[in-house]
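*Asks:*
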Amino acid sequence: MVLNVPYKRTSFSKTRKVTCYSVSRRMMMVGMGAGLAAAFGGAAASAQSSDAQSPKEVTDYRGRHVALGTARRIACIGGAITETLYALGAQDRIVAVDTTSTWPVDALKNKKSLGYMRSISAEGVLSVQPDLILSLNDAGPPTALEQLMASSVPVIMVDSTPTPETILSRTRFLANVVACQKQGEALCQRITQGFDALAQWRAALPTPPLKAIFVMSMQNGRPMVAGAGTAADSMIKLTGCVNAAGTMHGYKMLNDEALIPMAPQVVLLMEQSAARIQSELMGTAAFMQTPAGQSKGFVPMEGGHMLGFGPDTPHVALELAQKINVFRKPA
Numbered sequence: 142m143v144l145n146v147p148y149k150r151t152s153f154s155k156t157r158k159v160t161c162y163s164v165s166r167r168m169m170m171v172g173m174g175a176g177l178a179a180a181f182g183g184a185a186a187s188a189q190s191s192d193a194q195s196p197k198e199v200t201d202y203r204g205r206h207v208a209l210g211t212a213r214r215i216a217c218i219g220g221a222i223t224e225t226l227y228a229l230g231a232q233d234r235i236v237a238v239d240t241t242s243t244w245p246v247d248a249l250k251n252k253k254s255l256g257y258m259r260s261i262s263a264e265g266v267l268s269v270q271p272d273l274i275l276s277l278n279d280a281g282p283p284t285a286l287e288q289l290m291a292s293s294v295p296v297i298m299v300d301s302t303p304t305p306e307t308i309l310s311r312t313r314f315l316a317n318v319v320a321c322q323k324q325g326e327a328l329c330q331r332i333t334q335g336f337d338a339l340a341q342w343r344a345a346l347p348t349p350p351l352k353a354i355f356v357m358s359m360q361n362g363r364p365m366v367a368g369a370g371t372a373a374d375s376m377i378k379l380t381g382c383v384n385a386a387g388t389m390h391g392y393k394m395l396n397d398e399a400l401i402p403m404a405p406q407v408v409l410l411m412e413q414s415a416a417r418i419q420s421e422l423m424g425t426a427a428f429m430q431t432p433a434g435q436s437k438g439f440v441p442m443e444g445g446h447m448l449g450f451g452p453d454t455p456h457v458a459l460e461l462a463q464k465i466n467v468f469r470k471p472a
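Take 142 as the starting number for the sequence shown in this note's numbering and just add one per residue.
1) With C-beta atoms as the reference, is M357 less than 8 Å away from Y392?
2) Is there contact here, the segment 326-344 with the segment 369-376, by at least three beta-carbon pairs under 8 Å?
3) In the DSSP assignment, what residue or residues form a beta bridge with N384?
4) Name the two residues that bound the continuous alpha helix (DSSP H) containing S439.
5) Residues in its own chain within less than 8 Å of N278 by CB, not counting five upstream and five downstream?
6) Let's see if you can read the secondary structure: which residues bound the alpha helix (DSSP H) around S436?
7) For Q406, name the three-state secondary structure that DSSP assigns.
8) For A208, which residues in the same chain have their Cβ closer than 6 Å to its Cβ, ignoring the five residues on either side in sequence?
9) In whole angstroms, give me the CA-to-CA distance for I521 and G281.
10) Nearest to T454 by alpha carbon, out of P196, C217, I215, T225?
11) Could you check what DSSP says for P364 in three-state terms: helix, strand or coil?
12) Where W342 and S292 are concerned, what is the direct C-alpha to C-alpha distance, given to the nearest angstrom?
13) Entirely within the segment 289-358 and at least 3 residues each: give me those beta strand (DSSP E) ranges in chain order.
14) Return the CA-CA distance between K464 and V294, expressed in angstroms with no decimal places.
15) How many Å lie between L477 and M447 at the Cα?
16) Runs of 3 residues minimum, wholly inside the segment 216-285: which ones carry the beta strand (DSSP E) assignment?
17) I need the straight-line Cα distance from R214 to L275, nearest angstrom please.
18) List the DSSP bridge partners of T200.
19) Tell me, which residues are paired with A369 by DSSP?
20) If distances are taken between C-alpha atoms only, which option among P432, H456, G451 comes closest to K470?
21) Alpha carbon to alpha carbon, what distance is there between F355 and Q419?
22) Provide the residue span of the alpha helix (DSSP H) that contains N466, from first to last.
23) In angstroms, rounded to a whole number, what distance separates the CA positions of E421 and P271?
24) Just checking my contact of A386 with A367 at CB under 8 Å: how many whole Å lie between their CB atoms?
25) Are the CB atoms of G265 and D239 nearer to each other than 8 Å?
26) Roughly how many angstroms separate the alpha carbons of M403 and A462, rounded to a whole number?
27) When you compare only the Cα positions, how much space is there between V457 and T304?
28) Distance, Cα to Cα, M411 vs K323?
29) Provide the residue span of the alpha helix (DSSP H) that contains R213, from first to last.
30) Does P471 come out as helix, strand or coil in the three-state DSSP assignment?
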């Protein structure tokens with residue numbers, strides 16, 4: 142079943158007191174450099190004004206009141222932030238991204254890399270001389286984020302909850318920060334249309350729903366599977382499937398006794414590691430006793446795209462749902 146989707150895929154496809162930590166001399170100099178770059182670059186950048194004025198101050202996800210500057214040299218920590226800024230047409234204002242920013246593919250190719258979002262170096266981020274740092278709330282390590290917040294550069298923590306509601310609210314929030322409110326509303330409209338189309342797809346699916354699991358990795362022949370509270374769990378639900386590991390919370394290693402009764406019909410994998418994980422799973426007697434093992438029910442997709450929960454998520458979920466549906470047995 143293929144649905145003509147009205148969602149247009151874009152071409153980018155509590156109050157908290159901040160503790161000041163000591164920062165190295167080099168980091169202080171880098172931070173000062175970032176401030177100077179913002180000051181001297183502001184006049185030239187203002188000529189490239191957007192459709193609305195940037196707010197002078199915003200309240201971020203942690204309840205911090207953050208004063209904004211020109212926001213013309215933005216460091217993005219989190220793929221959903223990068224994807225959203227690209228979708229808003231603000232990609233030219235991005236100077237660096239983290240390695241989860243795999244969509245659009247141009248981001249990692251054309252921007253400086255900040256490394257993995259959960260092992261960020263404060264000194265490394267400040268070295269690109271940003272005048273604004275946008276970070277998902279689950280980035281880390283905490284000490285690095287606290288050092289960044291103690292610097293002279295504005296740092297805005299952004300909601301990372303993997304839900305459709307968060308995608309919409311985050312899009313509007315970021316559009317306000319970068320003064321692209323008009324583009325933000327248009328983008329939210331397309332996102333909403335996409336989720337509506339996805340809901341139509343789910344409503345047309347036969348019952349019962351397919352049982353799926355997401356395998357992150359393998360360790361000593363045992364799969365690490367996503368339970369409740371993960372982005373993978375949310376994505377599985379968006380596709381109209383049931384997470385066979387949904388009674389667990391977070392990521393857990395499964396032994397044979399736990400895997401067999403789950404009886405998954407489909408296994409979702411990140412494209413980057415799909416071949417290796419599939420090979421290992423097919424070599425285990427326990428997995429071969431499951432419906433997914435017997436039908437080789439593997440569905441790979443690029444990891445950041447599948448789990449990033451950016452503006453393209455409705456399209457991604459529908460594409461994934463259609464791939465999964467191939468493994469549904471005829472009634």
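For each residue, glycine too, the CB sits at the ideal point set by N, CA and C. All of these numbers come straight from a predicted model, not from anything done at the bench.
*Replies:* Quick look at the numbers:
1) To locate residue 357, count along the sequence shown from 1; it is residue 216. To locate residue 392, count along the sequence shown from 1; it is residue 251. Taking 8 Å as the Cβ cut-off, M357 and Y392 qualify as a contacting pair.
2) no
3) For this step, residue 384 is matched to residue 243 along the sequence shown. Per DSSP, A353.
4) One-based indexing of the sequence shown puts residue 439 at position 298. One detail in the question is off: residue 439 reads as Phe in this sequence, not Ser. Careful: F439 lies outside any alpha helix (DSSP H), inside the beta strand (DSSP E) at 439-442.
5) Position 137 of the sequence shown, counted from the first residue, corresponds to residue 278. These residues qualify, in order along the chain: Y202, R203, M298, V299, D300, S301.
6) Stepping through the sequence shown from its first residue, residue 436 is reached at position 295. That run of the alpha helix (DSSP H) goes 432-436.
7) Reading the sequence shown from its first residue, position 265 is the one you call residue 406. It is coil, neither helix nor strand.
8) Along the sequence shown, read from residue 1 onward, the residue named residue 208 stands at position 67. These residues qualify, in order along the chain: E198.
9) It is not possible to answer for residue 521, since the shown part of the chain is limited to 142 through 472.
10) In the sequence shown, residue 454 corresponds to position 313, counting from 1. Ranking the options by Cα distance to T454, first place goes to T225.
11) The residue labelled residue 364 in the question sits at position 223 within the sequence shown. Note: P364 maps to strand in three-state DSSP.
12) For the purposes of this step, residue 342 is taken as residue 201 along the sequence shown, with counting starting at 1. For the purposes of this step, residue 292 is taken as residue 151 along the sequence shown, with counting starting at 1. C-alpha separation (whole angstroms): 48 Å.
13) 296-299
14) Within the sequence shown, residue 464 is the residue found at index 323, counting from 1. Within the sequence shown, residue 294 is the residue found at index 153, counting from 1. Whole-angstrom Cα-Cα distance: 44 Å.
15) Because the chain is modelled from 142 through 472, residue 477 falls outside the range shown and cannot be assessed.
16) 235-238, 273-277
17) Taking the sequence shown and counting its residues from 1, the one referred to as residue 214 is at position 73. Taking the sequence shown and counting its residues from 1, the one referred to as residue 275 is at position 134. Straight-line Cα distance between these residues: approximately 11 Å.
18) In the sequence shown, counting from the first residue as 1, residue 200 sits at position 59. Per DSSP, H206.
19) Numbered from 1 along the sequence shown, position 228 holds the residue referred to as residue 369. Bridge partners of A369: H390.
20) As a working mapping, residue 470 is identified with position 329 in the sequence shown. Selected option, being the one with the closest Cα: P432.
21) Walking along the sequence shown from the start, residue 419 turns up at place 278. Walking along the sequence shown from the start, residue 355 turns up at place 214. Whole-angstrom Cα-Cα distance: 12 Å.
22) For the purposes of this step, residue 466 is taken as residue 325 along the sequence shown, with counting starting at 1. Its alpha helix (DSSP H) spans residues 454-466.
23) Translated into positions along the sequence shown, residue 421 becomes position 280. Translated into positions along the sequence shown, residue 271 becomes position 130. Distance between the alpha carbons of E421 and P271: 43 Å.
24) Within the sequence shown, numbered from 1, the residue matching residue 386 stands at position 245. Within the sequence shown, numbered from 1, the residue matching residue 367 stands at position 226. That pair is a contact at about 6 Å.
25) Start at 1 with the first residue of the sequence shown, and residue 265 comes out as number 124. Start at 1 with the first residue of the sequence shown, and residue 239 comes out as number 98. Taking 8 Å as the Cβ cut-off, G265 and D239 do not qualify as a contacting pair.
26) By one-based count along the sequence shown, residue 403 stands at place 262. By one-based count along the sequence shown, residue 462 stands at place 321. Those two C-alpha atoms are separated by around 20 Å.
27) In the sequence shown, the residue the question calls residue 457 occupies position 316. In the sequence shown, the residue the question calls residue 304 occupies position 163. One C-alpha to the other measures close to 14 Å.
28) For the purposes of this step, residue 411 is identified with residue 270 of the sequence shown, where counting begins at 1. For the purposes of this step, residue 323 is identified with residue 182 of the sequence shown, where counting begins at 1. Whole-angstrom Cα-Cα distance: 34 Å.
29) The residue given as residue 213 occupies position 72 in the sequence shown. Premise fails: R213 is in no alpha helix (DSSP H) and is neither H nor E.
30) In the sequence shown, residue 471 corresponds to position 330, counting from 1. Reduced to three states, the DSSP call for P471 is coil.
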